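>
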Amino acid sequence: MDFMVFQYPMITVQACLDGILLGILFALIAYGMALQWGVMNIINIAQGDLVILGGYIAYFMYLYGIHPAWGVIVSPIIMYFVGVGIYKLVINKVVDRDLFISILATFGISILFMQLMNFAFGADVVLANSGYGTTFLFDSAVVLPNSKIFSAFVSIVFAIGLVIYMKKSKLGRAIRATAQNARAAKILGVDTEKVYAATFGLNAALCGVAGALISITFTIHPYMGLPYTIRSFMIVIVAGLGNLPGVAMSGMGLGVFEEFADYILGTEFRIGSVFLLLVLILVYRRFKLSRKREYLK
Amino acid sequence: MKINKIILSFISAVAILLSTSAVSFAKVVGDKIVLGAAISLTGKYSSNGVHTQNGYNMAVDRINSMGGVKVGGKTYKFEIIYYDDESNPKRAAQLAERLISQDGVEFMLGPYSSGLTKAIAPVTEKYGVPMVEANGASRSLFTKGYKYLFAVLAPANLYLDVAIRTAVELNGGKGVRIAQAFEQDAFSQDVRLGILDAAKETGSEIIIDDKLPKELNDMAATLVKVKQMKPDVLVVSGHTKGALTAIRQIAEMKVDVPMLAMTHCDAAKLSKQHGKNSQYALCASQWHKTLTYKDNFFKDGMTYAADFQKEFGYDPPYQSAESSAALLVFKDAFERANSFDQKKVRDALAATNMQTFYGNIKFAPGGQNVDKPMVLFQVMCDGAGKCENKVVAPLKWASAKLIHPIPKWSDR
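Protein chains in written order, with my numbering: chain P, 1 to 297; chain S, 1001 to 1412.
Structure (structure tokens):
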């Protein structure tokens, strides 16, 4: 245990800011997961692997001399079609089955993606350099890499864009209608099959944006997807479905929690503490749900 | 019915073929010495696995084309049976078992990484099969009392020992303040133990001692502490991801530290992936092409590097060089034993005392090579941003002078 983080106020500020910037990025991934979970009732274990795949797209652009920030535009476009492809090949065969089958199916996709990425891109850890420099605050006591600020900013732009799209566009309205009541939507002329495919595609596109940002801010590696799946799963569990401000808040909360766990418990427990928190929250949510059920009796 | 018969006869034909080929593979046949190796050709170690295989193949071709191995007045050629262990220790142990009991291999070459070597060593030991390995540096390999394991490389605890001693020397012999961050795996933790020993001996103090998780891609917290505590040396070891993450975040957060020492810089292609940001980083390496060791097969490091480049199209990392050296050791031992008896070859291996282009090789009773120090190189960049690794310690081979302390970010 190390309480240095509280002894120096500037480190506390640093940890909070790092956590919030990171949390916004997590929230973007979680947003995609919540969307798909709410509309199709599918928990996508391959979420993190889609993120990593998106990261590789930005990385390859960087390799060929294009600034990786353009990956934020290119990666979601490619990933949208990857998502639709996965839906047509696998998901639409399990979408009407129970949750367990769909978890197994996406778990399979996750393993397949990891191995394919390892096969295609190699096992090396890679990153894309943005060359964005650094921002100093409070007499350089707090340092924020501009790449982190950039990724938080882009995440916010995409999240707001998607909210507006869901509210205003025809497809967005169809998606929301399907989420509310698929049967009624179908009767009223919504092509639910198309809506499902588009939802999966949109989720993959969001993962693509997040992946490009991660390759700019951190590093990517074929086997690094799972922690991102777990984080977004947790954020959605905490926030609940269809609660977008909740997703943003719990995303930032998780980011700050991770940073503090890192300082206090040590970096080795960072991911571990996320898993522990997930277990605690599941237990708590269950407890609350069962209490609700009792009340209903 | 007819189809069944055809299938049956086909299967038996294949079975007969396989059984004969198994016999023809066994140990020393005709003029061939068959060695076995399980190597990570797929999975997370695949890139280094391929470096290892290329190193082995290069040496086999070279030794065979230069007259092979002379035993009992007869000339033999090397041949290697490879299996892919999928970077998985369990699979590696199974494959070692298969190589020995099914394929009849009597001599083994090591796999890539400490973890996989650890999985294979009990098997080779059980069957009394001599194994020369080139890519397992973990100290725990050499404290188990294995009799048939020989490693051409220096053990992991010596990787960054030189860095601490150099820092103390530059500090006028006084102890230094060390910050360290190590991944939690067998290899990095061994490197850490080496630093603890060096710190104790030199009276240095460890002020930050962080452990990094396997899924590491953010070490900002450690670096914030480094900024606050201002240590004299920062040591990082976490395979390629540790090296890449550290350099990225040190540059982004403008962390000033007089000395930065790491492992796995060349595997991470630091100077290529990070360019000028990686400047001044000190890296531990088993080998560097500019070292002046010599042998009759590859001549010296520069020639080896040029030949390797010609054959495989890239500059050899030390993983390839040490793998090639393993074959030279085997050849030498066979000729001195003048026999293919496993025990005699084992005794000859234990008595090895030779120089190869890769370094001097002499085994301690535990099996580790005690005659080859680690080298440290420093990433140095010219004005145009082209970066190169230059050996700076030990002084005997230094091709450039160590730049110390590292200039502050504000002055770069």
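We treat Cβ as the ideally placed atom computed from N, Cα and C, and that holds for glycine. Source: prediction; values computed, not measured.
1) Mind checking PRO1213 of chain S: buried by the 16 CB within 10 Å criterion, or exposed?
2) Where do the N-terminal and C-terminal ends of the alpha helix (DSSP H) with PRO76 of chain P fall, by residue?
3) Please list the partners that ASP1218 of chain S has in chain P, where partner means a Cβ-to-Cβ separation under 7 angstroms.
4) Quick one: is ARG1412 of chain S near chain P, going by C-beta distance under 8 angstroms?
5) Give every residue of the same chain whose Cβ lies closer than 6 angstroms to the Cβ of SER1324 of chain S, excluding the five residues on either side of it in the sequence, and list them in chain order.
6) If you draw a straight line from the C-alpha of GLU1079 of chain S to the C-alpha of LYS1032 of chain S, how long is it?
7) Please go through the same chain and pick out, in chain order, the residues whose beta-carbon is closer than 7 angstroms to the beta-carbon of LYS1390 of chain S, but skip the five residues on each side of it.
8) Would the C-beta of LYS1372 of chain S count as close to the ligand COA, meaning under 7 angstroms from any of its heavy atoms?
9) Alpha carbon to alpha carbon, how far is ALA212 of chain P from SER75 of chain P? Give it in angstroms, no decimals.
10) Any chance the stretch 100-118 of chain P sits against the stretch 1246-1257 of chain S, with 3 or more Cβ pairs inside 8 angstroms?
11) Any chance you could list the beta strand (DSSP E) runs of at least 3 consecutive residues sitting entirely within the stretch 207-289 of chain P, in chain order?
12) Based on Cα-Cα distance, which residue from S:LYS1211, S:VAL1129, S:ILE1195, S:VAL1168 lies nearest to PHE1182 of chain S?
13) Judging by CA-CA distance, which residue of P:ALA204, P:ASN181, P:VAL190, P:ARG183 is the nearest neighbour of LEU171 of chain P?
14) Which two residues bound the contiguous alpha helix (DSSP H) that contains MET117 of chain P?
15) Go through its chain and collect everything with a Cβ distance to ALA1261 of chain S's Cβ below 6 angstroms, but skip five positions before and after it.
16) Return the Cβ separation of TYR59 of chain P and SER215 of chain P in integer angstroms, given the expectation that the two are a contact with Cβ distance under 8 angstroms.
17) What are the boundary residues of the alpha helix (DSSP H) that includes ASN1054 of chain S?
18) How many Å lie between TYR1127 of chain S and ALA1038 of chain S at the Cα?
19) GLN47 of chain P touches chain S at which residues, Cβ-Cβ below 8 angstroms?
20) Nearest chain P C-beta to LEU1193 of chain S closer than 8 angstroms, yes or no?
21) Could you give the C-beta distance for VAL1191 of chain S and SER1140 of chain S, rounded to a whole number, given that I count them as a contact under 8 angstroms?
22) What is the DSSP secondary structure of GLU1106 of chain S, reduced to helix, strand or coil?
23) Do the CB positions of LEU1349 of chain S and PRO1130 of chain S come within less than 8 angstroms of each other?
24) Report yes if the C-beta distance between GLY83 of chain P and GLY201 of chain P is below 8 angstroms; otherwise report no.
25) When you compare only the Cα positions, how much space is there between ASP1218 of chain S and LYS148 of chain P?
26) Counting only Cβ pairs nearer than 7 angstroms, list the residues of chain S close to MET224 of chain P.
27) So, is the C-beta of LEU254 of chain P closer than 8 angstroms to a C-beta in chain S?
28) Taking 8 angstroms as the threshold (C-beta atoms), are HIS1288 of chain S and VAL1345 of chain S in contact?
29) Taking the alpha helix (DSSP H) that TYR1127 of chain S falls in, what are its first and last residues?
30) I'd like the list of long-range same chain contacts for ASP1332 of chain S, defined as Cβ closer than 6 angstroms, with 5 residues on each side in sequence excluded.
31) Tell me, please, which residues DSSP counts as bridged to SER1285 of chain S.
32) Around the C-beta of GLN1102 of chain S, are 16 or more other C-beta atoms found within 10 angstroms, so that it is buried, or is it exposed?
33) Are the CB atoms of VAL195 of chain P and THR178 of chain P within a distance shorter than 8 angstroms?
34) With DSSP as the reference, identify every bridge partner of GLU1311 of chain S, one or two as the case may be.
35) Can you tell me where the alpha helix (DSSP H) holding LYS1343 of chain S begins and where it ends?
36) Report yes if the CB atom of ALA1134 of chain S is closer than 8 angstroms to the CB atom of LEU1153 of chain S, and no otherwise.
Here's the rundown:
1) If you number the second sequence from 1, residue 1213 of chain S lands on position 213. It is buried - the Cβ of PRO1213 of chain S has at least 16 other Cβ atoms within 10 Å.
2) The count along the first sequence starts at 1 and reaches residue 76 of chain P at position 76. Membership of PRO76 of chain P in the alpha helix (DSSP H) is indicated by the continuous run 71-86.
3) Residue mapping note: residue 1218 of chain S aligns to position 218 of the second sequence, counting from 1. PHE218, listed in chain order.
4) On the second sequence, position 412 is the one that residue 1412 of chain S refers to. So, not an interface residue.
5) Taking the first residue of the second sequence as 1, we reach residue 1324 of chain S at position 324. The beta carbon of SER1324 of chain S is closer than 6 angstroms to those of GLY1055, MET1058, ALA1059 in its chain, skipping five residues each way along the sequence.
6) Here residue 1079 of chain S is taken as the residue at index 79 of the second sequence, counted from 1. Here residue 1032 of chain S is taken as the residue at index 32 of the second sequence, counted from 1. Cα to Cα, the separation comes out at about 7 angstroms.
7) Position 390 of the second sequence holds residue 1390 of chain S. Closer than 7 angstroms at Cβ, skipping near neighbours: PHE1377, GLN1378, MET1380, SER1399, ALA1400.
8) Because no ligand of any kind appears in the structure shown, any question about the ligand COA cannot be addressed here.
9) The residue given as residue 75 of chain P occupies position 75 in the first sequence. The residue given as residue 212 of chain P occupies position 212 in the first sequence. Their backbone Cα atoms lie some 7 angstroms apart in a straight line.
10) no
11) Annotation note: the stretch 207-289 of chain P contains no uninterrupted beta strand (DSSP E) run of length 3 or greater.
12) Taking the first residue of the second sequence as 1, we reach residue 1182 of chain S at position 182. With distances taken between Cα atoms, PHE1182 of chain S lies closest to S:LYS1211.
13) Within the first sequence, numbered from 1, the residue matching residue 171 of chain P stands at position 171. Of the candidates P:ALA204, P:ASN181, P:VAL190, P:ARG183, the one whose C-alpha sits nearest the C-alpha of LEU171 of chain P is P:VAL190.
14) For the purposes of this step, residue 117 of chain P is taken as residue 117 along the first sequence, with counting starting at 1. 99-121 is the extent of the alpha helix (DSSP H) around MET117 of chain P.
15) For the purposes of this step, residue 1261 of chain S is identified with residue 261 of the second sequence, where counting begins at 1. Hits under 6 angstroms: LEU1160, ALA1163, VAL1235, LEU1282.
16) Counting from one through the first sequence, the residue named residue 59 of chain P turns up at place 59. Counting from one through the first sequence, the residue named residue 215 of chain P turns up at place 215. The C-beta distance from TYR59 of chain P to SER215 of chain P rounds to 5 angstroms, short enough to fall under 8 angstroms.
17) Within the second sequence, residue 1054 of chain S is the residue found at index 54, counting from 1. Per DSSP, ASN1054 of chain S belongs to the alpha helix (DSSP H) from 1046-1065.
18) As a first step, residue 1127 of chain S must be located in the second sequence, where it is residue number 127. As a first step, residue 1038 of chain S must be located in the second sequence, where it is residue number 38. Rounded to the nearest angstrom, the two C-alpha atoms are 16 angstroms apart.
19) Start at 1 with the first residue of the first sequence, and residue 47 of chain P comes out as number 47. None at all; the shortest Cβ gap to chain S is about 15 angstroms.
20) Position 193 of the second sequence holds residue 1193 of chain S. For LEU1193 of chain S, the answer is no, since every Cβ of chain P falls outside 8 angstroms of its Cβ.
21) Translated into positions along the second sequence, residue 1191 of chain S becomes position 191. Translated into positions along the second sequence, residue 1140 of chain S becomes position 140. Not a contact, Cβ separation roughly 13 angstroms.
22) Your numbering for residue 1106 of chain S matches position 106 in the second sequence. Coil, per DSSP.
23) The residue given as residue 1349 of chain S occupies position 349 in the second sequence. The residue given as residue 1130 of chain S occupies position 130 in the second sequence. A Cβ-Cβ contact shorter than 8 angstroms links LEU1349 of chain S with PRO1130 of chain S.
24) Position 83 of the first sequence holds residue 83 of chain P. Position 201 of the first sequence holds residue 201 of chain P. Yes.
25) By 1-based counting over the second sequence, the position of residue 1218 of chain S is 218. By 1-based counting over the first sequence, the position of residue 148 of chain P is 148. When rounded, the distance between both Cα atoms is 12 angstroms.
26) The count along the first sequence starts at 1 and reaches residue 224 of chain P at position 224. The answer, in chain order, is GLU1215, ASN1217.
27) One-based indexing of the first sequence puts residue 254 of chain P at position 254. For LEU254 of chain P, the answer is no, since every Cβ of chain S falls outside 8 angstroms of its Cβ.
28) Counting from one through the second sequence, the residue named residue 1345 of chain S turns up at place 345. Counting from one through the second sequence, the residue named residue 1288 of chain S turns up at place 288. Taking 8 angstroms as the Cβ cut-off, VAL1345 of chain S and HIS1288 of chain S do not qualify as a contacting pair.
29) On the second sequence, residue 1127 of chain S is found 127 positions in, with the first residue counted as 1. Note, TYR1127 of chain S: alpha helix (DSSP H), 1114-1127.
30) Here residue 1332 of chain S is taken as the residue at index 332 of the second sequence, counted from 1. These residues qualify, in order along the chain: MET1354.
31) Sequence index remark: in the second sequence, residue 1285 of chain S carries index 285 (1-based). As DSSP reads the structure, SER1285 of chain S sits in a beta bridge with S:VAL1375.
32) Numbered from its first residue, the second sequence carries residue 1102 of chain S at position 102. GLN1102 of chain S is exposed by the Cβ-count criterion.
33) Your numbering for residue 178 of chain P matches position 178 in the first sequence. Your numbering for residue 195 of chain P matches position 195 in the first sequence. Yes. Within cutoff.
34) Here residue 1311 of chain S is taken as the residue at index 311 of the second sequence, counted from 1. Beta-bridge pairing links GLU1311 of chain S to no other residue.
35) In the second sequence, residue 1343 of chain S corresponds to position 343, counting from 1. First-last of the alpha helix (DSSP H) with LYS1343 of chain S: 1342-1350.
36) For the purposes of this step, residue 1134 of chain S is taken as the residue at position 134 of the second sequence. For the purposes of this step, residue 1153 of chain S is taken as the residue at position 153 of the second sequence. Yes, the pair counts as a contact, with Cβ atoms nearer than the cut-off.
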